[in-house]
Every structure is written in C-alpha cells, then in structure tokens.
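Below is one structure; the comments refer to it alone.
There are 2 protein chains.
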Amino acid sequence: MALSRQYSHVTLTETDASFVAEIEAAAQRLKGVVLRTPLLPFRDGAFIKAESLQPTGSFKIRGAYNALAKLSPEERARGVVVHSSGNHAQAIARAARLLGMRAVVVMPDNAPDIKVAGVRADGGEIVFVGPHNVERVAKAHEIAHEQGLIVVSSANHADVVAGQGTCGLEIAEQLAERGVEGDVVVLVPVGLGGLSAGVSTVLASIDSDSRTFHVHGVEPELAADTRDSVAAGERVEWAPEDTGRTIADGLRAEAPAPIPFELLKKHLAGVITVTEDEIVDAMSVAAHEAKLVVEPSGATSLAALLHHRGELPSGTVVAVVTGGNVDPERYLEFLSGGQTPA
Amino acid sequence: MALSRQYSHVTLTETDASFVAEIEAAAQRLKGVVLRTPLLPFRDGAFIKAESLQPTGSFKIRGAYNALAKLSPEERARGVVVHSSGNHAQAIARAARLLGMRAVVVMPDNAPDIKVAGVRADGGEIVFVGPHNVERVAKAHEIAHEQGLIVVSSANHADVVAGQGTCGLEIAEQLAERGVEGDVVVLVPVGLGGLSAGVSTVLASIDSDSRTFHVHGVEPELAADTRDSVAAGERVEWAPEDTGRTIADGLRAEAPAPIPFELLKKHLAGVITVTEDEIVDAMSVAAHEAKLVVEPSGATSLAALLHHRGELPSGTVVAVVTGGNVDPERYLEFLSGGQTPA
Chain A
744 MALSRQYSHV TLTETDASFV AEIEAAAQRL KGVVLRTPLL PFRDGAFIKA ESLQPTGSFK
804 IRGAYNALAK LSPEERARGV VVHSSGNHAQ AIARAARLLG MRAVVVMPDN APDIKVAGVR
864 ADGGEIVFVG PHNVERVAKA HEIAHEQGLI VVSSANHADV VAGQGTCGLE IAEQLAERGV
924 EGDVVVLVPV GLGGLSAGVS TVLASIDSDS RTFHVHGVEP ELAADTRDSV AAGERVEWAP
984 EDTGRTIADG LRAEAPAPIP FELLKKHLAG VITVTEDEIV DAMSVAAHEA KLVVEPSGAT
1044 SLAALLHHRG ELPSGTVVAV VTGGNVDPER YLEFLSGGQT PA
Chain B
744 MALSRQYSHV TLTETDASFV AEIEAAAQRL KGVVLRTPLL PFRDGAFIKA ESLQPTGSFK
804 IRGAYNALAK LSPEERARGV VVHSSGNHAQ AIARAARLLG MRAVVVMPDN APDIKVAGVR
864 ADGGEIVFVG PHNVERVAKA HEIAHEQGLI VVSSANHADV VAGQGTCGLE IAEQLAERGV
924 EGDVVVLVPV GLGGLSAGVS TVLASIDSDS RTFHVHGVEP ELAADTRDSV AAGERVEWAP
984 EDTGRTIADG LRAEAPAPIP FELLKKHLAG VITVTEDEIV DAMSVAAHEA KLVVEPSGAT
1044 SLAALLHHRG ELPSGTVVAV VTGGNVDPER YLEFLSGGQT PA
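Line by line, the protein sequences give chains A and B.
Quick note, the first sequence lines up with residues 744 to 1085 if you use the numbering used here.
Quick note, the second sequence lines up with residues 744 to 1085 if you use the numbering used here.
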C-alpha cells in the first residue's frame, strides 16, 4: 500500500497511512471473532450497517478484541482493567474471555442490570463505584496500579480506534460487492470518537476511482461537543450535566478523546445533530422497517438520514447503527410513543 | 454434481438431485436481489439464520423472485396474480417490480395495514375479498382466467420451493466458513412447507464428510398439521378454526402443500411443536439478546431451541428465523408480557 494515496478531500499523511495499515492488520486479527455485519438495503437506496448484531450487541468488540490481542504474552498474563458503564465493558469482558485473560470492570452502581449481567456472563470481575465518571476513572487507575493490570481506554487508544476502523473497511468492500459507485455519505454516531475516527480515516485511504466517501459524525443536539470541537479546531468540553440530558447514553461524552480527535479534525466531512424526538422516531423505524432493535445512541445515524437528508451531500447514504443494548422496559417506552425525558 | 450423492439419512433419488441443481441455479439467479442473511452466534454455540432481515422482511423474496425470474418473456408480459394475506404477497410485489411485471394480489379485507402498505409501496394492485382463504383462492383463479395472468402459489410451486432452498445452501456455506463440523440440527418453521422442503432437500445433498445435517420442522402445537402428516405418511388436514388459534399467522396452513410434502416426507428428521407462550418468550429473547424484531411465525424455531433442546439430536443448532413482519401495536403487546389469545 502506497503511503501517499490521495482522495477527494485530503492527502493522507504518512502517519495516517501507517494507521490505515494498522486498521488492515486489525481486520485480519478480528476474523472469526467479530461479525461481518450486513449492509442492509433501506429506504431510497440508502443502507444500514447493522453493528447492533455484533457479539455483545455493539461495534465495541472490534476495538476491544484488537487491543487485547495486541498485548504481549506478559501483559496478557497480567490482565486488563477498564472503566465503562456500557458497551465497552461488555466487549472487553468478552474479548478477555476469548483470549483467556482476566478482566476487571469498574462500573457505576446504577448501571443497568442488563449490562452488569452481560459482563458477568463473560466472567468479568465487577467493581462498583458511585455514579460519577471521575470515580470510575480514578478507581480503574488505582486498581491498575495496585494489581499491575493494563488499562484499556474505550476510545483514547490507537489499537481500539484501529479496531473500530475495520467497520469502515467492510463498508467499502460491501458497497463494491453491490456495485455502488460515486459519492457515498457515511453517517457515524460520535461519543468519544473512536468509531468515527477509525472509519473516517480508513475511508479516506480507499481509492476513489469508483467511490468518494464523505463521513459525517452524528451527535444529539444535547451533546454536540464534537460538532463544537471540530468547529473550533480544538477539543471543546461540555458539562456532564448538559450531555447527561440525552437519551443516547453512549454519546454523553463531554468532549472527543484526544487520539480520535486528531483524526476527526482531518477526515470528518461534517457533524449533524439530531433531536431526542428524532432519535426515538429512528428507533421505531428501525424496528418496524429494518427489523432491528437499536439503542438510542445507535439510532442517531438513522435519525440523521430520516430527518436531515437535506443537510448532507448527494450520494448513497450508509447509516452505521452502532448498538442494540437497551433496557427492555425503556425500549417498550420508546416504541410506545416516544416518551423522552424533558 | 453427481446424481447419487449419499448423506447420513438417505440416498438422494435422481429427482431430488435434479431438484438440488434447480436450487443451485436459483442461488445464481438471486445474487444481488436477496440478502445473504447473517448467521448470528447465539447462546451455547447455536446460531440464528436471520431471514427477517431480507428485503420485504421475510425469506419469501427468495422463492417469489426465483419463480418470476424463470417465467418466459411472454409470461412476464402477462403479469402475475397471487393470493396471500402476508409475506408472499409483499415478496411477489417486490419481485414483480424488480422484473418490470404487473402483480395483482388478492388479500383479505382484514389484512394488517402494514402488509397492505408493503404491497402498495411496490406497486402491487390489491383486490380485497372476504377473510376466508377459499375466497382468496377462488378470486385469484378467476382473475387469472379473465385477465390471462400467471398464478404463483406461495409454496405449491417447484420454483418457489427451489428459491427457498437457497437459504439452506447459505447455511452450509456459512457453517463451513466458520469451521463448524459434525452434527448440525437445523430448525425451520413449517407453514405450507416451502422453506422446510427446500432447505431439507438441499442439505440432504451436501457432502457429509465434515457435517451431517438434521433438519427439523417446527410448528405451533395449535397448528401441527405437518407433524401429523409426516407421522401418517400422507397429508392430514386440520380445520381452519383450529389452526387459526395460533398467534403464528404465517403457520396457520391446514396441511402441508402437496409439492413440498413429497420432499418433507423424505428429508425431514422430525417435527417439534411449541406452545404460544414459548413463541412469545422467543420473540422477547430475539429482541433483547439477538437484537432482532421477529414475528411470531419466525420465532417458533427459536422457541424450539430455547424450550425443546432435549428433544433434538446433539450437535450445533441453527434456528432459521423466517420473518419480522409484525404489527407494531401487537409487537408491543407481545414484548410487554406475553399477552396471547386464549
């Protein structure tokens, strides 16, 4: 692979190109572990990339497994500790089990039962702390220090971002298999930015004779920190009491993480924001038209397609639906008429 | 392909072998039209074959498109008429649109809005009649006679059965890709028997050095006509007021159709029956664990896996989840605690 491949928006730097090589290596590493999720035809020639169907119910298994598989034998023997209230925790517990590693997960004591059960089912050791993010981070690092465990961040980690980027490789391959050419608009939900960074970087590297990719991030209006950060050219922090308002619990990050943000600044074509009602509508459409159970965070990309098509470039749209881990009672509330918190 | 391939249960007759060649030809015909649906890892090493993700929300597009694509140019110009209250109607309307054909669908006037809308969205012409099956059949044949249209039965048609059989080919390929060997138990919901006949016949033909397939039909206890027919060695009819009791509206056939039944008699390893409560439980598990919206008929195979594992041979289980077309209000009722009619 040449180090100076061009695409319509940017020239890849040598650093980017070597990161793309990492993503391609990750794709080999993940064979037989992650699902090559289907690219499902949707309305008006658009597609849904259904990452909700991955083992552990979200794309997070891509980055979690890649990061753990790259550890040295000595590091693997030590084990891993993560802080997460959600999908990263489940993905790390699964990846650790597959690799025969110990995994400690620091979770808030108000974490949904379904996510606690998911971690436990894969043999993850749970340490509960209070509900604030700062408590989780501090406790995880304390445990790492005391017990010699490796900390694996859910997004601020190159191997995690490289793993998430494999989703973008699959999108390019699947569009080629279907004979889709020309402009392609890829919509990716953005929390800390791991998935959107990996996907936008790898798609920037893919030869554009047949296809030109425009990767847009999608955020809730109530947690638009990456939109603001991209506009400012530097990481802008939102207050947790503000980002905490959205039902999209996976996208409540206060700011994009530093490592992904460096890639997003260069490779993201834009950021679309969606309302809470649009997210709920997209969850309903996902269920009844695409037959997919989608969590609020995962539905934001579909909400952008359904409600903000006019703000996007022309071309074939691919909405990455990132996860399906939603509490059963909450899910029923969402489907039965869009009950959203004020 | 040799005409005398063996497998563990039976020797394929020459007729069966030539039918398998039809299934293989159908697979070529369907490329780019049907989805190669994912084989999703599920509990305890089992898999779900997610046909609910097909265009039009069910496996029916396989047989419908294959049958229409095999018509002569003269027949295509005449157009097609079908009688159906459900998934076959939507699949035929879609296939006809793709092939530039006219499609007339005779539906009961109490058909769910979602299915009427699906047919209309693909340009199908709807003729409403009363709710009884006999009215639909009579009206379809009357229209065919008057207007020179081709009637395509939803199961009693060799090209439809061959199309459905392509699902079995994919299962065998996907298991091989995953390195799964040994005994494989495939669970297939049975209504008129088109899918189960195609899948069981093609899997009977596939070389068993690595894998031995045991295809079991699954029926509701309230509509176990194929179980009784297989036991009797001839088609046994249930009364419509009996089969009408199950929530699995796609499996209310009074008896297996004659063409599929000849194949089922030879190639089905057994029939499992499931209760209404087990079907509702399987719909809930599909939503919360597999992240799939599944209709009652489509959930019967999963119900057999979850509640009747002990009645099945040992081996890797594949549950074919056939469709996801369920009325939104009914779906909420099912998920919110299993409200089933008495």
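Idealized CB from N, CA, C, for every residue including glycine.
Just so you know, these numbers come straight off a predicted model, no measurement behind them.
Residues of chain A whose Cβ lies closer than 8 Å to the Cβ of residue 1030 (chain B) are, in chain order, 1036, 1071, 1074. Assignment of residue 957 (chain B) by DSSP, reduced to helix, strand and coil, places it in the strand class.
When DSSP states are grouped into helix, strand and coil, residue 868 (chain B) belongs to the strand group. DSSP places residue 1049 (chain A) outside any beta strand (DSSP E); the residue lies instead in the alpha helix (DSSP H), whose first and last residues are 1039 to 1050.
With fewer than 16 other Cβ atoms inside 10 Å of its own Cβ, residue 774 (chain A) counts as exposed. Rounded to the nearest angstrom, the gap between the Cα atoms of residue 769 (chain A) and residue 829 (chain B) is 44 Å. Sequence-distant partners of residue 834 (chain B) (beyond 5 residues in either direction) whose C-beta falls short of 6 Å from its own C-beta, in its chain, are 799, 803, 804, 807. Judged by pairs of C-beta atoms under 8 Å, the region 927 to 947 of chain A touches the region 1034 to 1054 of chain A, as three or more such pairs exist. Nearest Cα to residue 1021 (chain B) within the set B:855, B:1003, B:1048: B:1048. Under the 9 Å criterion on CB atoms, residue 939 (chain B) is classed as non-interfacial with respect to chain A. For residue 1002 (chain A), there is no enclosing beta strand (DSSP E); the enclosing alpha helix (DSSP H) has its first and last residue at 1001 to 1010.
When B:875, B:877, B:883 are compared, the shortest CA-CA separation from residue 869 (chain B) is found for B:883.
Taking a C-beta distance under 9 Å as the contact criterion, residue 898 (chain A) and residue 867 (chain A) do not qualify as a contact pair. Secondary structure of residue 980 (chain B) (DSSP, three-state): coil. Pairing residue 940 (chain B) with residue 968 (chain B) gives a Cβ-Cβ distance that is not under 9 Å. Taking a 10 Å sphere around the C-beta of residue 902 (chain A), we find 16 or more other C-beta atoms and assign the residue as buried. DSSP places residue 1078 (chain B) inside the alpha helix (DSSP H), whose first and last residues are 1071 to 1078.
One Cα belongs to residue 983 (chain A), the other to residue 1068 (chain A), and the distance between them is close to 22 Å. Per the C-alpha coordinates, the member of B:874, B:838, B:815, B:855 positioned closest to residue 865 (chain B) is B:838. Chain B has no Cβ within less than 9 Å of the Cβ of residue 835 (chain A). Close to chain A, meaning a Cβ-Cβ distance shorter than 7 Å, is no residue of the region 984 to 1006 of chain B at all.
Under the Cβ distance rule, residue 780 (chain B) counts among the residues neighbouring chain A, one pair being separated by less than 9 Å.
Scanning the region 863 to 924 of chain B from its first residue to its last, the whole beta strand (DSSP E) runs of 3-plus residues come out as 868 to 872. Residue 1013 (chain B) sits in a strand when the DSSP states are folded into three classes.
In the three-state scheme derived from DSSP, where H, G and I count as helix and E and B as strand, residue 1065 (chain A) is classed as coil.
The Cβ neighbour count for residue 900 (chain A), taken over all protein chains shown within 10 Å, is at least 16; the residue is labelled buried. In this structure the region 782 to 794 of chain B touches the region 1023 to 1043 of chain B; the number of beta carbon pairs closer than 8 Å is three or more.
Between the beta-carbon of residue 958 (chain A) and that of residue 1010 (chain A) there is about 6 Å, and that keeps the pair under the 8 Å contact cut. Looking from the CA of residue 918 (chain B), the closest CA among B:1061, B:878, B:762, B:896 belongs to B:1061.
For residue 851 (chain A), the enclosing beta strand (DSSP E) has its first and last residue at 846 to 851. Residue 905 (chain B) places its beta carbon less than 9 Å from that of residue 809 (chain B). Under the 10 Å beta carbon count, residue 756 (chain A) is surrounded by fewer than 16 other beta carbons and is classified as exposed. Straight-line spacing of the CA atoms in residue 1001 (chain B) and residue 783 (chain B) works out to 32 Å. At a cut-off of 9 Å between beta carbons, residue 921 (chain B) contacts chain A. According to DSSP, residue 962 (chain A) shares a beta bridge with A:1016. Put simply, the backbone Cα of residue 780 (chain B) is about 7 Å away from that of residue 781 (chain A).
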